[in-house]
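Top to bottom, those sequences are chains A and B. Every position in the first sequence, counted from 1, becomes a number in my numbering once 1 is added. Every position in the second sequence, counted from 1, becomes a number in my numbering once 1 is added. Glycine included, C-beta positions come from ideal geometry on N, C-alpha and C. Model, not experiment: these values are computed from the prediction. Read through the structure below, which is laid out as structure tokens, and then see the notes.
There are 2 protein chains.
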Amino acid sequence: MDDRKALIALNDELSADEDPILLPKEAGQASKAVQDFGRYQSEEPSTSAAAGRVAPHISGNNHFLDDDQPPLLGDNSLPPNIPINGSAGSSNRNINSSEPIFHLRSRTAAASTPNYESLDYEVCENTLFQDEQRKRLTERFSLRKDIIRWIIFIQIGIITALIACTIDIIIEELSERKYTFLYNSVKKNVPLSDAADGSDLLIPYLYWLLFSILPVAFGAAMVTYIEPITAGSGIPQVKSYLNGVKIPRIVRIKTLAVKAIGVITSVVGGLAGGKEGPMIHAGAVVAAGISQGKSTTFVKDFRIFKAFRDDHEKRDFVLGGGAAGVSAAFGAPIGGMLFSLEEAASFWNQNLIWRTLVASIISVFTLNIVLSAYHGLNDFTFTGLFNLGKFDTPLKFDYFELPIFMLLGVTGGLLGAAWNSLNTKINKFRKRFIPWKIGKVIEAVVVAMMGVTLACLMIYFINDCRPLGNDPTNNPVQLFCEDNEYNAVAALWFQTPEATVRSLFHDPPGSHKILTLALFTVVYYVLSCATFGLNVSLGVFIPTALVGAAWGRLLAMLTYYAFPQAEFLHPGKYALIGAAANLGGVLRMTISLSVILMETTGVETSFFFPLIIALISAKWVGDYFNEGIYDTQIQVNHVPMLTWEPLPQYKGLTAREILSSPVVCIKLRDSAHYIYQMLKKCDHNGFPVVDDVSGDRRSEGRVCGIILRSQLIVILLKSLYVENKRFWLPETSIQTFRDVYPRYPSIKSVRKLDNKINYTVDLSMFMNPSPIRVNPHDSVPRIFQIFRALGLRHLLVINNENRIAGIITRRDFIYK
Amino acid sequence: MDDRKALIALNDELSADEDPILLPKEAGQASKAVQDFGRYQSEEPSTSAAAGRVAPHISGNNHFLDDDQPPLLGDNSLPPNIPINGSAGSSNRNINSSEPIFHLRSRTAAASTPNYESLDYEVCENTLFQDEQRKRLTERFSLRKDIIRWIIFIQIGIITALIACTIDIIIEELSERKYTFLYNSVKKNVPLSDAADGSDLLIPYLYWLLFSILPVAFGAAMVTYIEPITAGSGIPQVKSYLNGVKIPRIVRIKTLAVKAIGVITSVVGGLAGGKEGPMIHAGAVVAAGISQGKSTTFVKDFRIFKAFRDDHEKRDFVLGGGAAGVSAAFGAPIGGMLFSLEEAASFWNQNLIWRTLVASIISVFTLNIVLSAYHGLNDFTFTGLFNLGKFDTPLKFDYFELPIFMLLGVTGGLLGAAWNSLNTKINKFRKRFIPWKIGKVIEAVVVAMMGVTLACLMIYFINDCRPLGNDPTNNPVQLFCEDNEYNAVAALWFQTPEATVRSLFHDPPGSHKILTLALFTVVYYVLSCATFGLNVSLGVFIPTALVGAAWGRLLAMLTYYAFPQAEFLHPGKYALIGAAANLGGVLRMTISLSVILMETTGVETSFFFPLIIALISAKWVGDYFNEGIYDTQIQVNHVPMLTWEPLPQYKGLTAREILSSPVVCIKLRDSAHYIYQMLKKCDHNGFPVVDDVSGDRRSEGRVCGIILRSQLIVILLKSLYVENKRFWLPETSIQTFRDVYPRYPSIKSVRKLDNKINYTVDLSMFMNPSPIRVNPHDSVPRIFQIFRALGLRHLLVINNENRIAGIITRRDFIYK
């Protein structure tokens with residue numbers, strides 16, 4: 002700090018009422034080392050997760066003054082009329098550069114990583130907002146808002162379920178046709194019970210390839226060229242959104258359409274993935290769409306639900322939508338709600354749980370009615386959905402099985418951790434070596450082909466024939482088997498992954514060879530690992546459950562061969578435990594997973610105990626090695642997500658050591674020109690508002706509020722100046738600001754201030770007058786708790802005299 | 002404000018280095034109207050729930066200056082050496098009075114209502130704490146702390162289950178003996194199948210009376226004379242504790258002992274109550290006890306778990322203990338965890354859920370093993386516990402039954418709301434007219450006698466004989482019935498309420514007359530209403546479920562008589578739905594209740610849907626009329642519990658309108674004498690620490706921290722003065738302060754400062770340097786959110802110059 006010198010002080014010619022010349026600041030003014038036109042962390046296009054980040058506890062507050070930092074503000078071509086208190090070790094700083102100005106704490110800013118913004122979960126209680134609140138103090142208004150909120154949640158449940166039904170039915174119909182065609186083709190081309198003559202399997206193989214390549218290529222192309230955000234399961238994105246990170250385009254209608262088509266094509270194409278993750282994303286989009294009462298994509302404003310147009314309200318609806326999506330995907334209402342709570346929700350209260358549950362229930366109910374009608378069940382009996390097949394005989398277990406369940410859990414944890422690590426490596430490789438769009442599509446096709454080929458090889462080489470009558474599939478493939486037999490390997494492959502899970506849970510004992518299951522486990526493990534991360538819309542739940550069910554069943558069979566007297570080794574039961582263990586190892590969820598598995602298989606509540614034993618063991622073991630796959634994905638994508646607890650690296654640090662400074666401030670009454678120029682030159686999103694400023698030394702003023710970039714732009718766009726107050730004052734309300742939500746115009750849309758160049762903006766009406774403030778000596782764990790609990794976007798660090806010392810945003814808590 | 006005048010300014014002769022004389026403050030200094038030795042809201046012995054409270058939006062900040070306020074500080078006999086900036090409209094204020102000094106917002110302070118303090122959920126991050134943190138930065142330490150935390154949670158699960166087992170087994174054994182004796186007595190005294198000759202029933206009736214009166218009187222006397230806090234279910238108290246209200250003696254070992262004996266005696270005595278609520282309380286006590294590693298009651302410090310000795314850590318353990326208690330009471334681990342989340346937890350995070358779940362599971366597991374051993378089940382099959390009996394045939398339902406379930410829900414909501422309202426009225430009556438301890442015991446005995454008498458009358462007058470062989474009870478009472486018949490009325494009464502619920506769920510159709518059930522419903526409804534609120538330890542869950550099961554079964558029977566073709570009217574199913582509806586109407590929980598009912602009856606997950614339909618309808622209808630019984634109890638007891646949302650009355654208000662001022666401040670370096678005198682004269686619990694003070698105008702200093710009363714007392718006790726710093730500095734750590742937790746010594750235990758009267762205390766090392774501060778113009782909903790989310794105890798309201806404007810505590814958000 003001590004070597005810091007103010008270098009530049011230019012006259013702001015436009016604001017004539019202000020002290021035109023700033024004196025150079027004296028060295029050693031550490032406590033007031035706050036300058037205008039700095040750049041703070043949140044708005045860096047670089048992510049703090051970039052390599053080479055200087056550890057805060059090493060560099061302290063001086064880290065951006067390190068000598069090896071490239072002088073980003075090298076040239077001195079300042080814009081003529083902006084007052085600058087520049088400050089930097091030995092280099093002049095320049096706001097005119099389109100490059101980031103400061104790179105706090107991240108010296109190598111990888112330009113390719115996306116620039117995530119925060120959402121405004123904090124309600125800006127400015128004068129306009131309070132005016133509105135006062136008008137709406139009546140009991141009637143708040144009751145009406147409550148009722149509308151309920152209506153929206155119910156709508157979310159219904160529409161999410163309808164979309165889920167549509168996806169379900171299309172996948173079912175198309176898969177049915179595909180596999181029936183393949184079945185017939187096999188029947189026609191493979192001579193019955195002949196010696197294995199491979200050439201005859203070639204034609205079905207080619208058909209199979211075709212039916213895989215076509216949809217996968219179509220789906221991958223849609224995702225890659227139209228909406229890349231739809232790749233993957235969508236759960237990490239929804240989770241990040243709910244945490245307060247703005248993921249661009251995540252809740253748009255176009256995203257929903259691409260996601261739906263993407264998931265249908267990939268599942269029909271036979272990729273190792275499920276429809277569950279995408280359905281959760283679909284629910285989130287539905288929720289965000291309905292709750293806003295307008296669609297920006299279709300430029301249609303229904304003029305309803307206006308009161309819910311802010312990030313804070315939308316967040317709650319999105320949580321409900323996610324829960325409704327899970328519920329619709331699994332037919333599991335409690336599971337859906339718990340999933341939202343355990344995995345997705347970062348903020349939580351009792352009423353929200355309550356509404357989320359209702360959305361989940363409505364969703365399951367709708368789904369049940371529609372699917373019942375589709376399947377022609379006319380007796381109107383609520384059956385539950387049991388996507389993974391109902392266990393008809395209650396599953397029992399003995400105490401001595403508990404250690405076995407625990408061992409299965411440990412196995413699941415190890416396999417899951419390995420899967421996560423392998424998948425992450427594959428994805429890193431992918432990112433590095435397949436940058437082109439066409440390459441991504443080709444890659445998806447290659448993985449699909451690989452799957453088909455491996456399946457065909459397995460069918461071809463393994464001779465696993467089982468007597469008919471005991472067969473669990475609809476289309477028993479005879480292939481090379483005797484009459485009255487079917488091929489058990491083909492039975493595993495000739496259906497969607499979800500149906501295979503069902504088979505593994507419910508096939509009678511002795512349906513598979515050990516070799517079949519062992520190979521199937523290995524192949525599917527590798528395939529699913531290669532698939533998750535492709536540019537297709539696919540969830541990870543079903544393939545993970547499938548792998549787990551396969552090895553669970555396999556282990557039960559192996560043990561049974563070793564100890565034939567062990568009659569408790571019901572293969573379906575162990576398949577279920579294996580699925581739970583593998584899911585626990587990969588996803589690291591516990592409560593919601595066990596409830597979902599219970600709800601989708603209809604096992605008794607007493608069987609909750611073995612499930613949770615397996616899940617807990619899997620989670621503990623897995624957590625020793627790495628994080629769950631969703632969190633890993635979030636990290637890999639450099640999403641600045643706030644964890645539940647502050648990172649251990651931050652223990653012992655204080656606010657002073659992580660804050661970003663200098664901070665760009667605005668005076669309570671500032672010139673329109675200054676604001677306009679400032680917005681053009683820097684892309685921060687929050688500016689402390691100060692008064693008690695001598696001249697242009699804004700950064701030394703007393704903090705009296707904070708204002709968002711979006712608000713400033715609206716002020717400029719609508720010309721809300723002091724000088725023409727009489728024109729706009731009567732009709733300006735908080736709604737003026739809400740109308741542009743959520744796609745705020747950029748500063749470029751503000752036409753050049755020519756005649757209004759001398760006008761003044763009075764922020765007292767617009768700013769948030771009560772930002773949360775902390776002291777520089779506050780500990781990081783404590784400010785993290787405040788930041789996290791209140792869902793903040795900007796946290797001001799002030800000194801004892803209420804003057805700004807720095808600003809802390811989301812990124813400052815992300816260490817890597 | 003404007004008429005405020007400073008009245009008194011005395012010289013603090015002891016602190017010679019300070020400006021000895023204070024000038025009277027000028028009128029109109031509103032923004033600095035902060036005076037020493039005021040009294041703020043939290044510490045009022047009166048509760049804000051007292052009648053006649055002035056609405057904040059009417060009285061604003063001047064409410065305590067109302068003319069009709071009694072001049073509590075009437076006399077002027079100030080202690081000689083204390084500097085006072087007193088201020089009050091027309092009355093002098095005096096800190097020497099042992100009476101409360103100000104009565105902000107509550108003009109009629111009912112002296113009888115208890116004075117609840119807040120818990121310190123906020124971690125005081127003073128220098129000592131930070132020193133400790135720095136020493137413990139190592140990975141190893143935090144891992145060790147984590148492991149210990151897990152061990153404690155597992156211990157909580159085990160011990161809670163053992164206590165629950167003990168209670169369970171004792172109740173079962175004693176009840177069995179009691180009812181067998183009565184059965185034999187009836188058999189001996191009532192002539193078989195004779196004409197009804199009442200006199201013969203007299204002897205069993207008298208025995209029955211005796212077996213009710215004795216245990217109930219004993220239990221009631223225990224509760225009344227030894228530990229009155231154990232009365233009732235304990236859930237409201239645990240809920241308040243978790244919300245941050247210090248309920249005296251709630252988590253002591255003595256409380257646990259009295260509660261356990263109390264619940265055994267009351268259930269055995271036949272009162273209309275269950276053991277579930279008390280078990281939750283027992284779990285909470287166990288958790289609080291174990292986690293502290295010491296017992297103040299037995300003056301035993303095990304010198305373990307020292308790091309967990311603060312309110313913040315203890316809270317999380319108590320939540321786990323509550324969950325373990327529910328789980329043990331019902332054999333429902335998910336239910337237990339959800340119950341904690343839905344009903345009890347005010348603060349929440351993912352890790353906590355996770356630990357709570359493990360405690361619940363361990364608890365159910367232990368319970369299952371012990372009870373299996375007790376019942377002589379040697380096959381080690383995990384059965385679940387199914388306290389309410391397992392439905393052997395899966396319950397099915399049709400869509401057209403959903404409106405019926407909804408109607409049942411509405412009925413439950415109405416009956417529940419009526420029950421709550423009636424119970425509240427009875428308890429108010431009770432409080433008013435039965436103030437004496439002996440009266441409370443007699444009342445409990447009278448209610449017990451009433452129950453026995455009503456039961457006997459029912460048995461005597463209703464002739465409901467059913468053929469044997471179809472009988473669901475162990476001891477079929479023949480009474481006035483033919484041979485091979487048993488008396489269905491006696492069957493309902495001759496067992497514990499829990500067993501009766503089981504009967505109503507599982508008795509085959511046609512086990513009861515309509516008249517029997519109708520009368521039973523009415524009698525039990527009234528009885529349970531009269532019982533909850535007696536000075537006995539009893540929960541409300543079982544009687545509520547019992548009433549619901551009775552009317553649910555009754556309605557199914559009635560409908561079946563009207564439409565004999567309606568075969569779906571399985572009485573057990575409707576009893577279950579009725580129980581759910583009634584529970585929803587009384588308790589207003591939804592998710593946890595449905596899961597608990599599912600787990601205790603082993604119904605399939607698809608039956609979750611009807612349960613939740615009934616619960617939701619019941620909750621919505623009930624919420625229209627009043628609050629759930631636990632919240633009602635909390636309100637009636639004037640516990641300052643923070644709701645999830647700010648109360649609607651506070652909308653549109655700002656901090657200025659609810660803050661309490663003047664505030665008693667302490668200088669950063671203040672004299673020991675001042676602190677001692679101040680602590681003697683006022684009983685606030687938090688004091689802002691200020692510097693930049695001119696003379697003794699402490700209230701005008703700049704806020705630099707806050708210090709708790711308990712800390713100040715420790716400082717005085719341990720003589721931590723500047724002057725003798727060299728003696729204590731090396732061995733003083735945060736542990737010095739933790740050692741006295743949780744029973745802080747009072748100021749009376751500090752011996753008179755004679756030789757140290759001139760010593761100085763430097764608070765910079767002890768105070769919390771980063772209290773949360775808000776502005777006077779911040780809206781109340783916003784500061785409520787901050788206060789709630791961060792679990793604060795004191796919230797400082799400061800002006801732009803960082804000088805104190807007032808203080809806000811828990812009570813300021815409680816309006817009534």
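Residue-level contact to chain B via CB, D69 (chain A), 9 Å cutoff: The predicted model places D69 (chain A) with a pLDDT of 36, which falls under 50 and marks its position as unreliable; any figure quoted below should be read in that light. Not an interface residue.
Within chain B, the residues that N244 (chain A) reaches when beta carbons sit closer than 8 Å: The contacting residues do not exist; N244 (chain A) stays about 12 Å from chain B at best.
Burial state of L207 (chain A) (16 or more Cβ within 10 Å): exposed
I543 (chain B) and G274 (chain B) closer than 9 Å at C-beta: yes
Proximal residues, the segment 629–650 of chain B versus chain A, C-beta separation under 8 Å: The residues in question are W645, E646 and P649.
Distance, F814 (chain B) Cα to F788 (chain B) Cα: 10 Å
Near-chain A residues of the segment 774–786 of chain B (beta-carbon distance less than 9 Å), N- to C-terminal order: R774, V775, N776, H778, D779, S780, P782, R783, I784 and Q786
CB contact below 9 Å: A790 (chain B) versus chain A: yes
Within-9 Å CB hit, E277 (chain B) to chain A: E277 (chain B) does not count as touching chain A.
Neighbour-count burial assignment, Q566 (chain B), 16 or more Cβ in a 10 Å radius: exposed
Helix, strand or coil at T522 (chain A) according to DSSP, with G and I counted as helix: helix
Buried/exposed call for N725 (chain B), threshold 16 Cβ in 10 Å: exposed
Which listed residue (A:I463, A:Y561 and A:S234) has its alpha carbon closest to that of L520 (chain A): Closest by alpha carbon: A:I463.
Burial state of G377 (chain B), where buried means 16 or more other Cβ atoms lie within 10 Å: A residue is called buried when at least 16 other Cβ atoms come within 10 angstroms of its Cβ; G377 (chain B) does not meet this threshold and is exposed.
Contact list for Q351 (chain A) against chain B, beta-carbon separation under 8 Å: Those within 8 Å of Q351 (chain A) in chain B are E343 and W645.
V55 (chain A) to K652 (chain A) span [Cα, whole Å]: Caution applies to V55 (chain A), whose pLDDT of 34 falls short of 50 and renders its modelled position unreliable; the model cannot decide the point.
8 Å contact criterion, which G706 (chain B) and N769 (chain B) should meet: CB distance rounded: 6 Å
With 16 other Cβ atoms within 10 Å as the buried cut-off, status of F495 (chain B): Taking all protein chains shown into account, F495 (chain B) has 16 or more neighbouring C-beta atoms within 10 Å of its C-beta and is therefore buried.
Within chain B, partners of Q134 (chain A) - CB distance below 9 Å: K652, G653, S780 and P782
Cutoff 9 Å: F366 (chain B) Cβ touching any chain A Cβ: Yes - at least one Cβ of chain A is within 9 Å of the one on F366 (chain B).
Cutoff 9 Å: R141 (chain A) Cβ touching any chain B Cβ: Closer than 9 Å: no.
Outcome for R699 (chain A) when other beta-carbon atoms lying within 10 angstroms are tallied against a minimum of 16: buried
Residue-level contact to chain B via CB, M768 (chain A), 9 Å cutoff: no
Extent of the continuous beta strand (DSSP E) run through C705 (chain B): R703 to L709
CA-to-CA distance, P249 (chain A) to T810 (chain A), given in whole angstroms: 19 Å
Assigned exposure category for T48 (chain B) - 16 Cβ within 10 Å defines buried: Per-residue confidence for T48 (chain B) stands at a pLDDT of 35, beneath the threshold of 50, marking its modelled position as unreliable; no derived number is given.
Any C-beta of chain A under 9 Å from that of F154 (chain B): By this cut-off, F154 (chain B) is not an interface position.
Q131 (chain A): contacting residues in chain B (beta-carbon distance under 8 Å): G653 and S780
Segment limits, beta strand (DSSP E) that includes C466 (chain B): C466 to P468
Contact list for N801 (chain A) against chain B, beta-carbon separation under 9 Å: D692, D693, R703, V704, C705 and N803
Residues near N350 (chain A) by beta carbon distance below 8 Å, same chain, minus five either side: Excluding positions up to five away in sequence, the list is empty.
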